[in-house]
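Each remark here refers to the structure printed beneath this line.
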Amino acid sequence: MPGEMEKLQTLYKRTTFPSLSQFVRLKLFDRHFDELMKYGLSNQEPALVLWNEKLDALRKEINRIGTKITFIK
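One gets the working numbering by counting positions in the sequence shown from 1 and adding 391 to each.
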């Protein structure tokens, strides 16, 4: 996703965020938040398992992109 990183950097330049990594984390969480809430609002066991899987996937994506940001700086 090289194009996505450039888009995020361009958006970041228009903000007052103290760091690019904080901005990217917010954007990634934003992107997945609605989907996470859809599963999190259900009290059923399978939904809670899926919620945890989605959160875990989000954490991995944030770490992966965060690592790229560290190398870009």
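No residue lacks a Cβ here, since even glycine has one placed at the ideal position from N, Cα and C. Please read all numbers here as calculations on a predicted model, not as lab measurements.
Judged by DSSP in its simplified three-state form, Thr401 adopts helix. Apart from the 5 residues on each side of it in sequence, Leu402 has no Cβ closer than 6 Å to any other Cβ in its chain. For Leu449 against Phe414, the beta-carbon gap comes to about 16 Å, at or over 8 Å, which does not count as contact. Take Arg416, set aside five residues on each side of it, and the residues of its chain with a beta-carbon closer than 6 Å to its own are Ile453, in chain order.
Judged by DSSP in its simplified three-state form, Ser410 adopts coil rather than helix or strand.
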